[in-house]
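Report on one structure; see the data block that follows.
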Amino acid sequence: MISYKKIVPPLDDTVSKSYGLFDWQSFFSNVFYSNNQRIKQTGYNNNQVAFLRGYVVSHISQDLGDFAEALRESDNVKLRTKTGSMFAWIFALANELEEDLEDIIYDKYPGFCPYCGHKYHCQCAWWLPSQIKKGKDRIHTKPIEDNESPHTKPNQLSGWITTWELIYGKKYKIAMTVADIMYKLLEEEAEILEELDKAKGGQLNRDEPYYKKLTREVADFVSWYFALLYKLQQDLPPDQLSKILYEKFKDGCPWCKEQICKCYPKWLEES
Numbered sequence: 103m104i105s106y107k108k109i110v111p112p113l114d115d116t117v118s119k120s121y122g123l124f125d126w127q128s129f130f131s132n133v134f135y136s137n138n139q140r141i142k143q144t145g146y147n148n149n150q151v152a153f154l155r156g157y158v159v160s161h162i163s164q165d166l167g168d169f170a171e172a173l174r175e176s177d178n179v180k181l182r183t184k185t186g187s188m189f190a191w192i193f194a195l196a197n198e199l200e201e202d203l204e205d206i207i208y209d210k211y212p213g214f215c216p217y218c219g220h221k222y223h224c225q226c227a228w229w230l231p232s233q234i235k236k237g238k239d240r241i242h243t244k245p246i247e248d249n250e251s252p253h254t255k256p257n258q259l260s261g262w263i264t265t266w267e268l269i270y271g272k273k274y275k276i277a278m279t280v281a282d283i284m285y286k287l288l289e290e291e292a293e294i295l296e297e298l299d300k301a302k303g304g305q306l307n308r309d310e311p312y313y314k315k316l317t318r319e320v321a322d323f324v325s326w327y328f329a330l331l332y333k334l335q336q337d338l339p340p341d342q343l344s345k346i347l348y349e350k351f352k353d354g355c356p357w358c359k360e361q362i363c364k365c366y367p368k369w370l371e372e373s
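Residue numbers (the numbering used here): 103 to 373.
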């Protein structure tokens with residue numbers, strides 16, 4: 103079980119600028135988790151897998167599509183809105199798993215590339231089949247640079263983008279387009295669904311082999327989302343990410359306008 107921080111709306115503009123990833127996860131849990139549990143019970147008969155597939159991941163899919171549309175239309179306002187919404191559903195996924203998102207990410211990406219071992223300037227050639235196959239399993243447990251310690255967990259949300267720049271930025275700049283990263287996000291989303299399909303009885307079991315793979319696929323998805331935000335930093339500066347979340351969620355749920363979300367899907371309402 104996670105011990106969430108008691109961060110609730112309304113948020114303080116100055117304080118929220120220093121929030122880390124887990125601070126924001128705690129805030130989103132406090133605002134949305136109880137209502138998501140109500141929707142899981144009434145709309146999905148408490149079937150956790152059906153809820154994750156049909157509600158949480160489907161909203162991530164919708165936001166990915168909207169994000170792609172905003173990119174195509176060069177709509178910076180929509181980009182900011184969908185950046186906040188995507189974070190909200192990523193946090194919803196982590197909170198339903200009852201996992202600290204920082205721990206999930208750092209377990210898979212412990213301050214250096216787990217495949218080539220570089221703390222700076224990852225050397226993996228992701229476009230080569232041999233590299234892709236090799237990359238399925240973690241190879242290195244510490245950086246290959248002499249006398250180097252891994253990057254530590256960032257204290258602020260923007261720090262994750264900065265760390266990803268140190269590890270992967272050169273590759274993102276030279277070898278990957280925004281479209282390439284969007285393809286990777288879709289691939290990782292599909293792999294999350296693939297692991298969810300392995301759960302029996304509609305409930306996740308932490309003791310089953312698929313569960314560890316599931317958390318690592320979540321880490322992969324978030325990693326590529328960080329890559330996308332890095333690639334778009336001219337329009338979405340890393341030091342503005344907490345501000346983007348603050349602007350959209352400072353008073354609680356922006357859709358029902360309640361501090362603690364009470365949204366109810368129309369498809370669950372009686373006609």
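Think of the CB as a built atom: it goes at the ideal place given N, C-alpha and C, for glycine as much as any other residue.
> Is it buried or exposed for Val-110, if we count other Cβ within 10 angstroms and need 16 for buried?
Replying inline: With fewer than 16 Cβ atoms within 10 Å of its Cβ, Val-110 is classed as exposed.
> Nearest to Ala-292 by alpha carbon, out of Asn-149, Ser-163 and Lys-108?
Replying inline: Measuring from the Cα of Ala-292, the nearest candidate turns out to be Ser-163.
>> Judging by CA-CA distance, which residue of Glu-319, Ile-141, Arg-174 and Pro-112 is the nearest neighbour of Glu-290?
In response: Taking Glu-290 as reference, the option from Glu-319, Ile-141, Arg-174 and Pro-112 with the minimal CA-CA separation is Glu-319.
>> What would DSSP say about Trp-262, mapped onto helix, strand or coil?
In response: If DSSP states are grouped into helix, strand and coil, Trp-262 belongs with the helices.
> Can you name, in chain order, every residue of its own chain whose Cβ lies under 7 angstroms from the Cβ of Leu-268, other than the five neighbours on each side?
Replying inline: Excluding positions up to five away in sequence, the list reads Tyr-222 and His-253.
> Below 8 angstroms, can you find three or more Cβ-Cβ pairs linking the segment 303-323 to the segment 272-284?
Replying inline: Because the criterion of three Cβ pairs below 8 angstroms is not met, the segment 303-323 and the segment 272-284 do not touch.
> Within this structure, are the beta carbons of Lys-107 and Ser-128 separated by less than 7 angstroms?
Replying inline: Yes, these two residues count as a Cβ contact at 7 angstroms.
> Nearest-angstrom Cα distance between Ala-321 and Leu-288?
Replying inline: Each residue's Cα considered, the two are about 14 angstroms apart.
> Taking the alpha-carbon positions, what's the Cys-224 to Glu-250 distance?
Replying inline: Counting only the Cα atoms, Glu-250 lies some 15 angstroms from Cys-224.
> In angstroms, rounded to a whole number, what distance separates the CA positions of Gly-213 and Pro-245?
Replying inline: Rounded to whole angstroms, Gly-213 to Pro-245 spans 8 angstroms at the Cα level.
>> Applying the 10 Å Cβ sphere with the 16-neighbour rule, what's the burial state of Gly-354?
In response: Label assigned to Gly-354: buried.
>> What residue range does the alpha helix (DSSP H) around Ser-344 cover?
In response: Segment 343-351, the alpha helix (DSSP H) holding Ser-344.
> Going by the CB atoms, is the gap between Ala-196 and Leu-203 shorter than 7 angstroms?
Replying inline: Contact check for Leu-203 against Ala-196 passes: the beta carbons are separated by less than 7 angstroms.
>> Buried or exposed for Ser-176, going by 16 or more other Cβ atoms inside 10 Å?
In response: Classification of Ser-176: exposed, given that the 10 Å Cβ count is below 16.
>> Using only the alpha-carbon positions, how far apart do Glu-201 and Lys-119 sit?
In response: Using only the alpha carbons, I get a separation of about 23 angstroms.
> With Leu-259 and Gly-122 assumed to form a contact (beta carbons below 8 angstroms), what rounded beta-carbon distance in angstroms separates them?
Replying inline: Under the criterion of beta carbons closer than 8 angstroms, Leu-259 and Gly-122 qualify as touching, at roughly 6 angstroms.
> Taking buried to mean at least 16 other C-beta atoms within 10 Å of its own C-beta, is Glu-198 buried or exposed?
Replying inline: Classification for Glu-198: buried.
> Going straight from the alpha carbon of Leu-370 to that of Gly-145, what length do you get?
Replying inline: Taken atom to atom, the span from the alpha-carbon of Leu-370 to that of Gly-145 is near 7 angstroms.
> Can you name the start and end residues of the alpha helix (DSSP H) that Gly-167 belongs to?
Replying inline: Counting along the chain, the alpha helix (DSSP H) containing Gly-167 begins and ends at 159-175.
> Alpha carbon to alpha carbon, how far is Lys-236 from Tyr-327?
Replying inline: Annotation note: pLDDT 44 at Lys-236 (below 50); position unreliable, coordinate value reported separately. Those two C-alpha atoms are separated by around 22 angstroms.
> Should Asp-125 go down as buried or exposed, given a rule of 16 or more other Cβ atoms within 10 Å for buried?
Replying inline: Residue environment for Asp-125: buried (at least 16 other C-beta atoms within 10 angstroms of its C-beta).
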